[in-house]
Each structure stands twice: as structure tokens, then as C-alpha cells.
Amino acid sequence: MSRQYVRRIDWDGTSIHTLPVVFAPRHLHPHPSSCASTIRGTEVLTRICPLVGFVSLLLLAQWDGKMLSAVCLLGLFHSGLPPSHLRVETLIKAQTLVQVRGISRGKGTSEAAAGIILPLAKLASRSCQVAGIVFSLSLLVFYSSGNESKGPSPTESKLDALFDTLRDEKNDEKDKLELESTMEYLSSKLKISLENAELFVALELLQAPSVGEITRRGYVDGWKAAGTGTTHKEHACHIQRLSSALSTNPVVFKRVYKYTFVAGREGDQKALSLENALIYWSMLFSPPGMSWKSENHDWLDLWKTFLNEKWTRSANKDMWNMTLEFALKAMADESLSFWSEDGAWPSVIDDFVDWCHGKGIGKQETMDVDSEQ
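If you read the sequence shown in full-length UniProt numbering, its first letter stands for residue 1, the second for the next number, and so on.
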């Protein structure tokens with residue numbers, strides 16, 4: 001058994017000083033007698049035939065999810081690295097990342113890829129690019145092998161139980177709140193208005209598939225991600241905070257606005273009916289949402305008037321999203337100088353600008369005044 005020390009390891013901002021490491025396969029696992037021979041056997045196979053060793057490595061990862069250090073060490077044999085400080089340093093970093101970042105089996109392959117797989121694969125790739133790919137796949141399989149056995153967290157269990165209290169046993173499915181239960185929950189428990197943008201703040205957070213439906217998965221995942229607790233009172237306060245930010249935080253408003261199109265569609269329709277779109281625009285572009293007004297013009301009123309007079313088709317996704325982009329620009333520049341015939345605006349926006357010019361609104365109005373002078 002040999003012992004070495006690494007004085008400093010800087011890895012994505014993490015500094016570790018004077019870190020000892022023991023190099024012997026039997027010390028890489030809390031139960032050496034049960035796996036030392038397996039590790040050594042896989043090592044030999046890897047040296048003889050990388051393909052056979054790689055398969056053995058995958059089986060080893062599936063067999064015992066606690067063998068991260070062993071998997072990392074065996075993965076390095078694929079890279080052809082000599083028994084030098086690079087192998088030692090890489091193994092230390094693998095162990096350090098697990099301890100410092102709390103990345104463990106069953107926590108998710110995305111975190112593992114970000115925290116361990118990619119950095120270590122880069123080291124392995126210094127000697128052989130193919131080895132880097134093999135090493136990445138090895139660790140990816142290692143982490144993904146344990147995800148299905150992880151049970152719900154305490155927070156998820158509490159949220160799951162809270163969802164059950166909202167269900168109507170007679171009218172609701174096990175994992176879904178229907179219209180009546182959804183509206184009761186939003187108005188009574190979250191205490192939000194169903195007639196303004198607060199409605200869509202809640203639907204976006206819960207990833208509701210439609211205006212009158214909330215799923216168990218969306219409910220649990222949404223409130224868990226929000227990190228605001230497991231009571232209706234805490235949830236209601238969070239919705240109020242988000243609603244208050246709509247008029248001042250474009251990121252929050254844009255997220256809620258775009259999801260409104262998803263939740264607002266009826267059935268399997270790919271577009272919003274014009275009638276519903278007009279209602280949703282009125283809700284979103286009014287307090288507590290973002291007011292679509294500038295110093296001299298009420299753009300929301302002009303937009304609705306134009307659509308009622310000139311537009312007969314539904315509102316597709318492109319029209320919905322580009323209306324927001326136009327609204328933000330119009331509030332900052334009521335002359336509409338940002339618009340041009342050669343721009344990538346949808347035809348409905350082009351027609352709206354022409355309609356505004358015909359009423360003396362926007363850039364055309366300024367040009368006429370200048371020509372008269």
C-alpha cells in the first residue's frame with residue numbers, strides 16, 4: 001500500500017489542500033473482500049481487450065452502485081495512462097467531486113454528467129479520444145443504473161398528500177384535478193383572481209395542461225422546484241410574489257406569457273381561437289400584468305380594435321409570441337421606427353402597423369408632419 005498527497009486541487013472553483021489518497025483496489029470499497037477480485041479481474045480484461053474490459057466495467061457498475069472510485073480507476077485503464085500522477089490526480093478529483101458536491105448514485109444523470117463525467121472524460125481524452133468516450137459512457141451507465149430505485153423525498157411525499165386533499169373522489173381522477181376542483185383550488189387555497197394574469201402565473205408554475213386541469217405530477221414537481229414549502233399558505237404567498245414581479249421583470253412575464261398559449265388551447269388544437277386570444281391578452285396586459293401602453297397610446301386597445309375589425313383567423317404560436325416582441329418594442333418606441341417592410345414580422349403585425357399609420361399613429365405620422373414643414 002502506498003500513500004501520496006496532493007497539495008492543491010483546483011476543479012471548477014473547488015480547492016482542496018493536502019489530500020491523502022490510498023492506491024490499492026481493495027481500499028476503494030468499504031467491503032474489499034467482496035469485490036477486490038472482481039476489480040482486479042476487470043483490470044486484467046481491460047488490459048488484454050478494451051472491448052471485453054468495457055463490458056465488464058458496465059456490469060460492475062450495475063452490480064454495485066457504491067463502487068465509484070473503482071469505476072473511475074478502471075475507466076482510466078481505457079485511456080492508456082501510465083501509473084503516474086495523472087491517474088492519481090484524476091481518482092482524487094473523482095472522490096473529491098462526490099464528497100464536496102454531494103453527487104451520488106440515484107441523484108440524476110444530468111448532475112452526474114455536469115459534475116463528474118465530462119471533467120473526467122477530458123482527462124482521459126488527453127491520451128486517447130476514444131478512451132474519453134468510453135470513460136464517459138461508463139460513468140453515465142453507473143449513475144443511471146440507480147435512478148429507478150430512488151423513492152420520493154419527504155417534500156414530495158408531503159406535496160403528494162396535499163394534492164390528495166384537493167381531489168374530489170367522485171369527479172376527479174387519481175392523478176388529476178378537473179375543472180371544478182382546479183378552480184376551487186386556485187381561488188380558495190391560492191387566493192388568486194381568475195380574471196387576471198395571476199391565473200396564468202399559477203398555471204405556468206404547475207405546468208397545467210389546460211386552464212381547467214392540474215395534474216399530480218405538475219403539482220408536486222412545480223411546488224418542489226419552487227422550494228416554498230408544503231402548505232397552501234406558503235404557496236399562495238409565492239404566487240403573489242411572482243404576480244407582483246410581472247410588471248417589472250420581463251423574464252417572469254415572458255415565461256408566463258408563453259405558457260399561456262400552451263394552457264389556453266382547447267383539446268388538441270394547435271392555435272388559440274381569436275376570441276380566447278383577445279381575452280388572454282386583456283388579462284396579461286393589464287395589472288398585475290405588464291401594461292401595454294406608451295406615453296401617447298394605449299396599444300392593447302388599438303390591438304384589440306384592429307383584430308376585431310380586420311382579423312378573422314385564429315392566433316397561432318408565431319403570432320402569439322411575436323405579439324409580445326412587438327408589444328415590448330412598441331412600449332419603448334411608440335413611433336414604431338423599429339418596424340420595416342423587410343422585417344421578419346408576421347403578416348398580422350405588418351397589417352396592424354399599416355392600420356396604425358392609416359390612423360396617423362407611428363412613424364408615418366412624423367414623416368407627414370416633416371414633409372408639411
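Note that CB positions come from ideal geometry on N, CA and C, so glycine has one too.
Indicate the three-state DSSP secondary structure (helix, strand or coil) for residue i in the structure shown.
i	result
Leu190	coil
Lys258	helix
Lys170	coil
Lys224	helix
Ala113	Note that Ala113 has pLDDT 45, beneath the 50 cutoff, so the model's placement of it is unreliable and no number is given.
Lys270	coil
Phe338	coil
Pro154	helix
Glu234	helix
Glu184	helix
Ser286	coil
Glu275	helix
Gly264	helix
Ala161	helix
Ile361	coil
Arg241	helix
Just to confirm before moving on: does the CB-CB distance between residue i and residue j stay below 7 Å?
i	j	result
Ala263	Ser210	yes
Ile239	Leu190	yes
Trp223	Leu324	no
Ala327	Trp292	yes
Thr260	Phe200	yes
Glu198	Ser244	no
Trp355	Phe285	no
Met290	Asn196	no
Ala315	Leu272	yes
Leu206	Tyr219	yes
Arg217	Phe163	no
Ser181	Leu166	yes
Where do the N-terminal and C-terminal ends of the alpha helix (DSSP H) with residue i fall, by residue?
i	result
Phe306	299-310
Leu246	Neither: Leu246 is in no alpha helix (DSSP H) and is coded neither H nor E.
Trp320	317-332
Ile349	347-358
Leu205	198-205
Name the DSSP beta bridge partners of residue i, please?
i	result
Glu213	Ser210
Lys176	Thr215
Lys293	Asp298
Is it the case that the CB of residue i approaches a heavy atom of the ligand MG more closely than 6 Å?
i	result
Lys233	For the structure depicted, the ligand MG is absent and the ligand set is empty, with no information on it obtainable.
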